[in-house]
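The sequence shown lines up with residues 2 to 303 when you count with the working numbering.
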Amino acid sequence: MTEELDSMTTEEMLALFSDVTGVPFRVAPGALDEDTLRPRLSAILQVYRNAVDKNEIFMRFLTGQIGADDFRPNFPHFSGEAAEAEPMALYLLKLTGGDMADTMSVLTGLFPPPRNTLVRAGEKQMVLITEPGEMVSGEDLASTAAMIHDTLQTEGMVSALVAYDAAVTGFRELPASYSRTVAAMRIRDLFGMEASCTGYRTLGLSKLVSRLPKDACEEYLAEQFPNFSFNDLSSETVNTINTLFDNGLNLAETARSLYVHRNTLVYRIEKFSKESGLDLRNFDDAVRCRMGMLITKLVNAQ
């Protein structure tokens, strides 16, 4: 890297700086002489390149491309014996609006190093690894994910989706945890879930359905609903059904959530029943409907 920089002109170094940071740079004429400017640019580029290289090594570890023995020498914090048994929690963030730099700034303030680690996982994604000091529950992880989402929105004007896994013991478990959070984000997107924070171990039926092969899904739909397609449902009907499920099939709570009279809700349910042959007030029919809707989304996505 040093030899490469030594052979560059000042203009080429400025162009490289703009390329690696994504921010255009220029030096005002007469601001600095060549002998002063070149060493400063070279030093900044070296620091930035080292950070980028370390980020790449970390991601190669998380994605299973390199093992722990190749990873540890580059990260002293994970080289001690404590890192083998330290409880850790991994969160995957995907930006849907806002600036990556603002996101990194807010998260660094919330989770300062060295007991917390931020890793860029792509242009709009990053990984946050926290070390809470003790094993934490699923409820605690969900609360932290919600806090991350809300703080980014209020302090950084950043919209982000957050996926998380259960806490793990030791840094060697991080690649498996990362794989599960990636799966959680994929399943969340696959089924169009509205929640901004998704826990891998809370996905339940959606996680099971996501693993079904396409031919098995199509066979199920053909056998269970030979004269009906969930694709034909209106958005109002789909929202009504999902709200009913969210409220545990309780009609009174569902009507309140939808801001409709109970009789209006009953009318919608009975109309759906005539179209599909499913009575959502019956548990078995409700399960068949839930499965049918999830499998239809999966088939459409495939």
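C-beta atoms are modelled at their ideal positions from N, C-alpha and C, and glycine is treated no differently.
Kindly list the residues whose CB is nearer than 8 angstroms to the CB of residue i, restricted to its own chain and excluding five residues on each side of it in sequence; keep chain order.
i: E124; result: M101
i: E82; result: none
i: S236; result: none
Output the distance between the C-alpha atoms of residue i and residue j, rounded to the nearest integer angstrom.
i: E87; j: T170; result: 6 angstroms
i: L206; j: T131; result: 28 angstroms
i: A122; j: L93; result: 9 angstroms
i: A184; j: R202; result: 11 angstroms
i: A287; j: S180; result: 32 angstroms
i: N240; j: S211; result: 21 angstroms
i: L234; j: N301; result: 14 angstroms
i: P74; j: R61; result: 14 angstroms
i: E13; j: L42; result: 11 angstroms
i: R173; j: E85; result: 7 angstroms
i: T118; j: T155; result: 22 angstroms
i: G134; j: A168; result: 11 angstroms
i: S80; j: E57; result: 18 angstroms
Within its chain, find whatever has a CB closer than 6 angstroms to the CB of residue i; leave out the 5 residues flanking it on each side and keep chain order.
i: L213; result: none
i: R189; result: T199
i: L259; result: T244
Please classify residue i as buried or exposed, where buried requires at least 16 other C-beta atoms within 10 Å of its C-beta.
i: Q150; result: One point to set straight first is that residue 150 is His, not Gln, in the sequence displayed. Under this definition H150 is a buried residue.
i: M148; result: exposed
i: D70; result: exposed
i: L209; result: exposed
i: G293; result: buried
i: F284; result: exposed
i: G249; result: exposed
i: P176; result: buried
i: G1; result: Residue 1 is absent from the structure shown; the chain starts at 2 and stops at 303.
i: D166; result: buried
i: T182; result: buried
Are residue i and residue j touching if we call contact CB-CB under 8 angstroms?
i: T104; j: L153; result: yes
i: L91; j: S178; result: yes
i: T244; j: R269; result: no
i: F72; j: V120; result: no
i: G99; j: V159; result: yes
i: F246; j: R291; result: yes
i: K95; j: L162; result: yes
i: L108; j: L142; result: no
i: F273; j: L266; result: no
i: D115; j: H78; result: The question names Asp, but residue 115 is Pro in the sequence shown. Their beta carbons are under 8 angstroms apart, which means P115 touches H78 by this criterion.
i: L279; j: R263; result: no
So residue i and residue j are supposed to be a Cβ contact under 8 angstroms. How far apart are they, rounded?
i: M136; j: A164; result: Actually they do not touch by this definition, with Cβ atoms about 20 angstroms apart.
i: A256; j: C198; result: A256 to C198, Cβ: 27 angstroms. No contact.
i: E35; j: T64; result: Incorrect: roughly 42 angstroms between the Cβ atoms, too far for contact.
i: F229; j: E276; result: 7 angstroms
i: Q303; j: K215; result: 5 angstroms
Skipping 5 residues on each side, what residues in its chain have a beta carbon closer than 7 angstroms to that of residue i?
i: C218; result: I296, L299, V300
i: E254; result: N248
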